[in-house]
Amino acid sequence: MSAITDLSDRTIVDYLRRHPAATVGDMVEFTGVTATAVRQRLVRLMEQGLLAREAEVVGRGRPTHRYSLTPAGVRSGANNYDQLVQVLWNEIREIRDIEVRRGLLKRISERLAETYRNEVHGETLQERMADLARLMASQDMPFELQELEQLPVLTALACPYPDLAEQDRGICAMEKMLLSSVLGESVRLSSCRLDGANCCTFEASGAAG
């Protein structure tokens, strides 16, 4: 779940982290803005799946709506994934035995590949590359499928790990292992941003299958 970038929305979510449920009136009193402004924020957060609304009937009057965080809302705080990845990668780099380090990278790439493999169903390499490109694009990682000398080429328009790649090209080797595992065919990194290319491209080591 992405972090909430709108400060006014974050104020509502943070308030509900401290209170199991609250009414519009509660949040008007807390924020100091109008009920209309609070309702606009609540609608926006419900559309994102971060808040749930429940009607509470008291007597014969109109029901009172109480708002609370959904499980997605609870998880919506900022995360430290980038820092965690950096620390873990530094620990991997500290492994002096090359074979041990390579074995660990291979196991990591295999675990990552498992998360993609069920979404890649093409019979030919080109079809599998197309499936993978669509899957990556759906996760905001733009990949593009092209043909070069009648062989399919997968182009990463943006590096998934730009900061790490600048420090250690071992991340490129892991990405190559990952793609090879998902595609069921050995691929090679035929061009790389770190060598001055516009994009990183991956192509089959042998003939397309």
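Read in order, the letters of the sequence shown correspond to residues 658 to 866 in the numbering used here. Using N, Cα and C, we set each Cβ at its ideal position, and we do this for glycine too. None of the values given here were measured: they were computed from a predicted structure.
Note down the Cα distance separating residue i from residue j, rounded to an integer number of angstroms.
| i | j | result |
| --- | --- | --- |
| arginine 774 | serine 766 | 12 Å |
| phenylalanine 687 | proline 819 | 41 Å |
| arginine 785 | alanine 830 | 20 Å |
| serine 837 | glycine 689 | 56 Å |
| serine 725 | serine 795 | 29 Å |
| leucine 782 | arginine 791 | 14 Å |
| glutamate 780 | serine 733 | 39 Å |
| serine 665 | alanine 822 | 36 Å |
Only counting the same chain, and skipping five residues up and downstream in sequence, which positions put a Cβ closer than 6 Å to that of residue i?
| i | result |
| --- | --- |
| arginine 845 | Ser862 |
| leucine 769 | Leu835 |
Using alpha carbons as the reference points, say which of the options lies closest to residue i.
| i | options | result |
| --- | --- | --- |
| tryptophan 746 | Gly827, Arg698, Val681 | Gly827 |
| valine 670 | Gly689, Leu699, Glu748, Glu860 | Leu699 |
| leucine 814 | Glu780, Glu771, Asn855, Ala770 | Asn855 |
| proline 824 | Arg750, Ala787, Arg717, Thr858 | Note on identity: in this sequence residue 824 is glutamine, with proline being the wrong assignment. Answer by Cα proximity: Arg750. |
Put residue i into one of helix, strand or coil per three-state DSSP.
| i | result |
| --- | --- |
| phenylalanine 859 | strand |
| methionine 658 | Any reading at methionine 658 needs caution, since the residue's pLDDT is 45, under 50, leaving its predicted position unreliable; the model's value is listed next. Here methionine 658 sits in coil by DSSP. |
| leucine 814 | coil |
| glutamate 823 | helix |
| glycine 853 | coil |
Skipping 5 residues on each side, what residues in its chain have a beta carbon closer than 7 Å to that of residue i?
| i | result |
| --- | --- |
| lysine 763 | Met834 |
| arginine 759 | none |
Distance cutoff 7 Å, beta carbons only. Does residue i sit that close to anything in chain C?
| i | result |
| --- | --- |
| glutamate 756 | Given the protein chain composition of this structure (a single chain), no chain C is represented. |
Give every residue of the same chain whose Cβ lies closer than 8 Å to the Cβ of residue i, excluding the five residues on either side of it in the sequence, and list them in chain order.
| i | result |
| --- | --- |
| valine 685 | Thr691, Ala692, Val695 |
key: In chain order, each alpha helix (DSSP H) run of at least 4 residues that lies wholly inside the stretch 705-771   = 728-731, 738-750
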